[in-house]
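Read in full-length UniProt numbering, the sequence shown has 402 at position 402, and its numbers run on one by one without any break. Notes for the one structure printed next.
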Amino acid sequence: MPNMSAVSECNQAILGKLKAGYDLIKDKWYKRLFFPSAMTKALEESFNPASIETFWKVTAAYFKHTWFFQRWIFSCLAGLGSSPFISLCSVLKKASLINFNEQPANNNFKLASAHADPGRAAKALKILTAAGLLKGDSAQANWDALARHPDAHSVEIALQYLTIYGLLKGKSAQANWDVVVRCPDPFDVPLALHELSVCGMLDNESAQAFRDAIARHAKPYGLAKAFVRLTRNGFPGLLKGEPLDSYWAVIANHPEPRYIAKLLKILSRGELLKGESALKNRNAAIQHANPDKIAGVLQKLAQAGLLAGELAQANFDALMTMQSGADHWVAVLGSNGILTQDNFNALIQHQQVLVGATEAFRQTWFNMLNFPPNFILDFRPNFHITDEQFNAIIAICRNHELDLTTRQNNIVQYIIHDIIRELLGLTEEAIQANIFNHRQTTHTASVHQSVSESAGKLKNRYGARNLEAAINEIKQYFSALSGNDIKTEAAKRCIERITKLDFTYEDPASQVSIRQLLAWSWCAIHDNENREGSFKDACNLFIEGLYEIQRGYNLSEENEDDRQEDKPTCMPGTFNKLVEKLAGIHPDCDIIYVTKEQANHKLKIVIAEETINYLKGLKELKDLQETVEALQRDKTVKPVWNNIKDKVAERMYSEFKSVYKDSKETMIAELIDFSEDMDVPEAVKAFIKDNQNKPKAQQGHAIPLANAGFFAVATSSANQKNNPQSLDTQSAPPAIIP
């Protein structure tokens, strides 16, 4: 609540500037010719700081002698006339809440003088005036409520969105405004009311009960989503505000209502909310310390079919008592399609080892490669693991001859060296040299085709929307956005620049333009069904992305801004950045960073494929014999390199051209340095061995091997055990099928 006996700092500053300007002209009578005597008298009084009484005299003089100031346009009065405080007083004067002919200053003027953000308060009052809420008996109460709210900025933004959603008109205008001004953080209130309105939950006798619950809650949008979710999924009593098995109170009073609703929805699909255990299960779910995490894990179990059948209750009980951190493993198993009953049982049994290994792995990976600690083992399926690999990890857990710490460290080493290195295409040298840096951004790293794929998904979901309407909404939002911090100002300049009709760029892969992507990003931010997280957080990320686009080359590696003239990122970088900021808040958007280490990993596969294609294409037996013999002698791909390098380069450049910043010729030179002496790939050896063993009717050219040991690596130990005859004494020669 503002201190009505004092003038706020911003208003003191306005008076200070006015006094300083007056002091410059007070000794020159001709400059004071049109200066009102009432204001002269007030300014010559001692005020440091100014009192409400002095401020009243100055402001009253301004409003009583406006026509003088219209002539005195070059005086210090111009600053006063354009100040937020005068704007606020003007609105209050029009609403008959202030009369400058009265003495002394009334409480409304005192509230305005003490207000910390008079500009925002003035804008909010103008919206209330347009809605008819600043007249009649309600005018005073509405101004009092606004004046005493601690966050005029959020109130103003909330009123703007209430207007957009059509919720600030008619009979419900006052009721909806009351919700906004009663809520300490009203930013999400319009979204919450809009959600309820669309579902008809503000049109019945329980509408006020819903509004009251929204106004009281710290997360109004989450609460609205919870109400809607449950009324649509078997909890119809909530629609009338009935305490259906006290679910109303459970939802309305819980700090994380959205996740609780998700929990109850999942449980209601099976038998866990029925029978004698229903109350126990419900209480276990809603009293869990981390409902957000447990909701995601519970969904994974449901999708895997582990919340149905005879073991449903046992699985649920195990989940509720699961050690913190084990939920990550459930998420990883579920994301990779290997969340079986056996694997879940193993996870529960060895969760202490696994959780400790997770933390040790995160710290090791973070320290060694600068990845954020939650990059690999989180709810997203970034960590790809097979059933065999998980069983190998469980085997380490079961080795009770080793102490707990040793087992955990062994799991860490297995993950890094046997899973992650292969997944990311890193060499052992790369890991040890610490050359892979996740801090690379869209303009310092190559971004894989995932950006184009994400843009295509947004196109499929929002392509039918009105493009220009979305662009206009964005412009209106940034036009109304206050704040003079560097990020906000840069974001505004970015919107002004990239929404111009002559700003054209189209991503060649997705055939989506920046203008389209910008509009669909706005749609994604407002998509309450699919957006993850709050609308406010999504808007902040959107602003941050625009800032990074506009100031792309003003930012150092440490993300420090040089505060020089704007140096925007390139058009492809702009496209990528918009997708990057949506990744994590919308399911359609994902971004995969690619480095030369990963490109080199793919290069080995491409060389193997092109070598096999080359061998298949040889028509003459003599050429085939000579090529295979050369591969045997050299043990590298050098004998075929000149014949495959163009195709290899074309494929690699097409997929990884942004990694190689120079020409294709430069890339080929790099490939030669890396590839010419590369060992013959195992896939090539396996291909020849497989063809050697084919039935005679399928064989093409038969090629005797000078050294069959060359292909022995491609033969498994199991095959050697079953066929002990040495390869160089086999009677059947190998064959290649052209």
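Note that CB positions come from ideal geometry on N, CA and C, so glycine has one too.
Reference residue i; option with closest CA among the options
i, options, result
"Thr321", "Leu339, Pro36, Pro291", "Pro291"
"Phe390", "Glu401, Leu354, His400, Asp403", "Leu354"
"Lys500", "Ala509, Lys619, Ile471", "Ile471"
"Cys183", "Leu193, Ala284, His217, Gln299", "His217"
"Arg258", "Ile86, Gly296, Ala42, Leu272", "Gly296"
"His288", "Leu263, Ile52, Lys274", "Leu263"
"Gly545", "Asn554, Lys536, Ser556, Cys494", "Cys494"
"Lys265", "Val228, Lys57, Glu565, Leu162", "Val228"
"Lys635", "Asp679, Asp646, Ala392, Ile644", "Asp679"
"Pro508", "Ile549, Met571, Phe478", "Met571"
"Ile254", "Thr569, Gly270, Thr231, Ala213", "The sequence as given places His at residue 254; Ile does not occur at that position. Nearest C-alpha to His254: Ala213."
"Phe316", "Leu301, His328, Ala122", "Leu301"
"Arg171", "Gln208, Val451, Ser83", "At residue 171 the sequence reads Lys, which differs from the Arg that was named. Here the closest residue by C-alpha is Gln208."
"Ala215", "Ala158, Ile164, Ala261", "Ala158"
"Ala116", "Glu45, Lys19, Ser8, Leu202", "Ser8"
"Ala314", "Phe344, Cys199, Leu333, Leu162", "Phe344"
"Thr163", "His194, Gly136, Asp137", "His194"
"Ala13", "Ala38, Leu24, Ser51, Lys41", "Ser51"
"Ala252", "Gly270, Arg232, Ala226, Ile514", "Ala226"
Within 8 angstroms, strictly: CB atoms of residue i and residue j
i, j, result
"Glu532", "Ile607", "no"
"Gln323", "Gln349", "no"
"Leu624", "Leu631", "no"
"Val628", "Thr611", "no"
"Val412", "Ala346", "no"
"Leu88", "Pro49", "no"
"Val91", "Leu125", "yes"
"Asn204", "Ser113", "no"
"Ile286", "Val330", "no"
"Ala105", "Trp143", "no"
"Lys169", "Ala131", "yes"
"Val179", "His149", "no"
"Asp588", "Arg461", "yes"
"Ala147", "Leu111", "yes"
"Tyr653", "Phe575", "no"
"Ala538", "Ile549", "no"
"Lys536", "Asp188", "yes"
"Phe478", "Ala490", "no"
"Thr129", "Ala95", "yes"
"Ser154", "Pro186", "yes"
"Trp177", "Leu134", "no"
"Pro36", "Ala61", "yes"
"Gly456", "Ser510", "yes"
"Ile127", "Gln160", "yes"
"Lys581", "Leu518", "no"
Nearest-angstrom Cβ-Cβ length linking residue i and residue j, presumed shorter than 8 angstroms
i, j, result
"Lys487", "Ile543", "6 angstroms"
"Leu467", "Gln516", "6 angstroms"
"Leu272", "Leu306", "Between Leu306 and Leu272 the Cβ distance is about 12 angstroms, and since that is not below 8 angstroms, they are no contact."
"Ile474", "Trp522", "5 angstroms"
"Leu267", "Asn281", "6 angstroms"
"Leu167", "Ser197", "6 angstroms"
"Phe109", "Phe63", "Wrong, their Cβ atoms sit about 11 angstroms apart, outside the cutoff."
"Gln341", "Leu311", "7 angstroms"
"residue 739", "Ile396", "Not covered by the structure: residue 739. The range shown for the chain is 1 to 738."
"Lys293", "Asp327", "5 angstroms"
"Lys17", "Gly79", "5 angstroms"
"Val648", "Tyr614", "About 10 angstroms; that fails the 8 angstroms criterion."
"Ala145", "Ala192", "So it is not a contact: roughly 18 angstroms between Cβ atoms."
"Thr569", "Tyr553", "7 angstroms"
"Ile338", "Asp403", "The Cβ separation is near 28 angstroms, so there is no contact."
"Tyr221", "Ser534", "6 angstroms"
Any C-beta of chain C under 8 angstroms from that of residue i
i, result
"Asn253", "Reference to chain C is not applicable here, since this structure consists of a single protein chain."
DSSP beta-bridge partners of residue i
i, result
"Ala583", "His586"
"Ser513", "Glu506"
"Phe679", "The amino acid at residue 679 is misidentified as Phe; the sequence shows Asp. In DSSP, Asp679 forms a bridge with Thr636."
In chain order, which continuous runs of the alpha helix (DSSP H) of length 4 or greater are located wholly inside the region 533-574? 535-550
Extract the residue ranges of the alpha helix (DSSP H) inside the region 199-240, only unbroken runs of 4 or more that lie entirely within it. 207-216, 220-231
Suppose only complete runs of 3+ residues qualify. What are the beta strand (DSSP E) ranges in the region 114-197, listed by chain order? none
Alpha helix (DSSP H) runs wholly inside the region 276-316, at least 4 long, in chain order: 278-286, 291-303
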